[in-house]
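Q:
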Amino acid sequence: MSSRRPIYLDHQATTPVDPRVLEAMLPYFREDFGNASSSTHSFGWRAEAAVEDARERIAAQLGASPAEIVFTSGATESNNLAIQGVLGALSTVPHTVVTLVTEHPSVLEACRVQSTLGHREIRLPVDADGLISPEAIEAVLEEQTALVSVAAANSEIGVLQPVAEIARCCRERGVLFHSDAAQAIGKVPLRIDDSEIDLLSFSAHKIYGPKGIGVLCVRERRPSIKLRPLYAGGGQERGLRPGTLAVPLIIGLARALDLCMEEQAQEAKRLTELREILHDRIEAAIPSVIQNGHPTRRLPGNLNLSFAGVNGERLLLALGDLAISNGSACSSSTGEPSHVLLALGRDEALARATLRFGLGRGTRLEDVEQAAASVIQAVKDQISR
Ligand SMILES: *Cc1c(COP(=O)(O)O)cnc(C)c1O
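Sequential numbering of the sequence shown, starting at 40, is according to the numbering used here.
1) When the Cα of R258 is compared with those of R230, I252 and R69, which residue comes out closest?
2) My understanding is that V179 touches V140, with C-beta atoms under 8 Å, so please give their C-beta distance in whole angstroms.
3) From which residue to which residue does the alpha helix (DSSP H) around I415 run?
4) Under 6 Å Cβ to Cβ from R160, same chain only, skipping five residues before and after it: list those, please.
5) With respect to 8 Å, is the separation between the Cβ of E193 and the closest non-hydrogen atom of ligand 1 below this value?
6) For the beta strand (DSSP E) that R162 lies in, which residues bound it at each end?
7) From V146 to V187, what distance separates their C-alpha atoms?
8) L296 and I246 - do their beta-carbons sit closer together than 9 Å?
9) Q275: which of R96, I108 and T53 sits nearest, CA to CA?
10) Going by beta carbon distance, what residues of the same chain come within less than 8 Å of L170, once the five residues before and after it are set aside?
11) In whole angstroms, what separates the C-alpha of L404 from that of L313?
12) Between F72, D49 and R43, which has its C-alpha nearest I290's C-alpha?
13) Please state the DSSP three-state secondary structure of L355.
14) Helix, strand or coil: which one does DSSP assign to V379?
15) Let me know if K419 comes out buried or exposed under the rule of 16 or more other beta-carbons within 10 Å of its beta-carbon.
16) Leaving out five residues on either side along the sequence, give the residues of the same chain with a beta carbon under 7 Å from the beta carbon of L284.
17) Please name the residue in C299, R212 and P262 whose C-alpha comes closest to that of R59.
18) Quick check on this structure: which residue in I422, S327 and E195 has the alpha carbon closest to the alpha carbon of V339?
19) So, with DSSP's three-state summary, where would you put R59?
20) In the segment 178-237, which residue ranges form an unbroken beta strand (DSSP E) of at least 3 residues, counting only runs that do not cross its ends?
21) Apart from the five residues on each side of it in sequence, which residues of its chain come closer than 7 Å, Cβ to Cβ, to A368?
22) Tell me whether D166 is buried or exposed, calling it buried when 16 or more other Cβ atoms sit within 10 Å of its Cβ.
23) Once the 5 residues before and after Y270 are set aside, which same chain residues still bring their CB inside 8 Å of it?
24) Please name the residue in G113, A390 and G157 whose C-alpha comes closest to that of A128.
25) In the DSSP output, which residue or residues are listed as bridge partners for N365?
26) Taking I108 as part of the alpha helix (DSSP H), name the residues at either end of that continuous run.
27) Which two residues bound the contiguous alpha helix (DSSP H) that contains N119?
28) Using 10 angstroms around the beta-carbon of S423, count the other beta-carbons present and answer buried if the total reaches 16, otherwise exposed.
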């Protein structure tokens, strides 16, 4: 084992806090530590002013209004508030929630919990590229459908779903549409004002901000979207998410989003080029490699590859110089093969012999070159035996 730090290629799992984000947060840990709800002194006023400034900037970046921004602890909570909140606010059962088999566990589990409370869930399959068509969604909408939830970008295979079209078709049918945009926000062009998305979730730690803070954007509609809060408490965030606001984290989220949006087009181009170099090199040396997810409709920084005839565990062991995820991505602790790869029709062994490369802001050409060389060596060591 070398003592050098491995090359970080797991930016879909989390990202480092950008130094510019950390700088913006520091005063709110130190002198401006007030509770944004303290209305009797200047510590509280300053914290509140900073939070409201951050809220306005976040709203402006999304094309929303400040009143539509609800701060949460992250995308897991935002997804739960959207799904359990909408279904939990309905006084009659059963209503239906429609989602995809490839969604993040926080979406699938939130739907499952509601199905145990009398509602119904429909999990739609995706095509061989990991995509769903708006027509396939439309075909299952019915009178009792309350909500459709489809992630803008998949965290494992990086595919970009046609969320604007799906949102339009939901709107026409009077069904609410939620999108988990944890992977998409700041990475691909996505604003809420040029789409009919009703509810949008994201998280700061996927966009070079701190862990433990996220947003649920709830559009103002007539009739208004009714959400049942997940907790009872002191009425913060219009009662939708009570609890003392995480002021430094909120400031960090706003700064992180500003930076990602400013640099989005340029960074997307840079990462797409690096991803293509990585893919081309591996494919040239290992022609049997299989790409998971649509080849072009995908996140700039995501490449997901399966290696037939290779033992996944041994592959990962041989790649000690890379910090990378394998085909059990989100549930690596359980060792179960990824539900996303199985949904694409990969078998268990192939799902395990899969690598998810997550390129990001710190990734340089040398990193990609070394990653390609290491992967080629590790795979060849196994298949030439
Ligand atoms: C990371 C991620 C989440 C969970 O976000 P947390 O802020 O870690 O709770 C949900 N959905 C997707 C698509 C993600 O990538």
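For glycine and all other residues, C-beta sits at the position ideal for the given N, C-alpha and C.
For clarity, every value in this text was computed on a predicted model and none was experimentally measured.
A: Once the coordinates are examined:
1) On the sequence shown, position 219 is the one that residue 258 refers to. If we check each option's Cα against that of R258, R230 comes out closest.
2) Along the sequence shown, read from residue 1 onward, the residue named residue 179 stands at position 140. Along the sequence shown, read from residue 1 onward, the residue named residue 140 stands at position 101. The Cβ separation is near 13 Å, so there is no contact.
3) For this step, residue 415 is matched to residue 376 along the sequence shown. Counting along the chain, the alpha helix (DSSP H) containing I415 begins and ends at L404 to I422.
4) Residue numbering aside, residue 160 sits at position 121 when the sequence shown is read from its first letter. In the sequence on display, residue 160 carries Glu and not Arg. The answer, listed in chain order, is V136, C150 and S154.
5) In the sequence shown, residue 193 corresponds to position 154, counting from 1. For the record, residue 193 in the displayed sequence is Asn; it is not Glu. Result yes, Cβ under 8 Å from ligand 1.
6) Position 123 of the sequence shown, counting from 1, holds the residue named residue 162. Its beta strand (DSSP E) spans residues R159 to L163.
7) Position 107 of the sequence shown, counting from 1, holds the residue named residue 146. Position 148 of the sequence shown, counting from 1, holds the residue named residue 187. Across the structure, V146 and V187 are spaced so that their CA atoms are roughly 11 Å apart.
8) Position 207 of the sequence shown holds residue 246. Position 257 of the sequence shown holds residue 296. It is a contact, given that the beta carbons lie within the stated cut-off.
9) Here residue 275 corresponds to residue number 236 of the sequence shown, with the count starting at 1. If we check each option's Cα against that of Q275, I108 comes out closest.
10) In the sequence shown, residue 170 corresponds to position 131, counting from 1. Cβ neighbours of L170 beyond the five flanking positions: V198, Q200, P201, H333 and R336.
11) Start at 1 with the first residue of the sequence shown, and residue 404 comes out as number 365. Start at 1 with the first residue of the sequence shown, and residue 313 comes out as number 274. If you take the alpha carbons of L404 and L313, they lie about 7 Å apart.
12) The sequence position of residue 290 within the sequence shown is 251, counting from 1. Considering only alpha carbons, the answer is F72.
13) Taking the first residue of the sequence shown as position 1, residue 355 is located at position 316. DSSP places L355 in helix when its eight states are reduced to three.
14) Numbered from 1 along the sequence shown, position 340 holds the residue referred to as residue 379. In the structure shown, V379 sits in a helix (DSSP, three-state: H, G or I).
15) For the purposes of this step, residue 419 is taken as the residue at position 380 of the sequence shown. Exposed is the label assigned to K419, since fewer than 16 other Cβ atoms lie within 10 Å of its Cβ.
16) As a first step, residue 284 must be located in the sequence shown, where it is residue number 245. Only residues of its own chain outside the window of five on either side were considered, and among them A75, V90, F110 and Q275 have a CB closer than 7 Å to the CB of L284, listed in chain order.
17) The residue given as residue 59 occupies position 20 in the sequence shown. Comparing Cα-Cα distances from R59 to each of C299, R212 and P262, the minimum goes to C299.
18) In the sequence shown, the residue the question calls residue 339 occupies position 300. Residue 339 is actually Pro in this sequence, not Val. Closest option to P339, Cα to Cα, is E195.
19) Against the sequence shown, residue 59 aligns to sequence position 20. Reduced to three states, the DSSP call for R59 is helix.
20) 184-188 and 215-219
21) As a position in the sequence shown, residue 368 is number 329, starting the count at 1. Since pLDDT at A368 reaches only 49, below the 50 mark, its modelled position is unreliable, and no value is offered.
22) Here residue 166 corresponds to residue number 127 of the sequence shown, with the count starting at 1. That one is exposed.
23) The count along the sequence shown starts at 1 and reaches residue 270 at position 231. Cβ within range, chain order: R280, P281 and G282.
24) As a working note, residue 128 is residue 89 in the sequence shown. Taking only the C-alpha atoms, the option nearest A128 is G157.
25) Numbered from its first residue, the sequence shown carries residue 365 at position 326. Answer by DSSP bridge pairing, in chain order: L394.
26) What you label residue 108 is simply residue 69 of the sequence shown in a count that begins at 1. Segment I108 to T111 is the beta strand (DSSP E) holding I108; no alpha helix (DSSP H) there.
27) The count along the sequence shown starts at 1 and reaches residue 119 at position 80. Segment A114 to G127, the alpha helix (DSSP H) holding N119.
28) Here the question's residue 423 lines up with position 384 in the sequence shown. With fewer than 16 other Cβ atoms within 10 Å, it is exposed.
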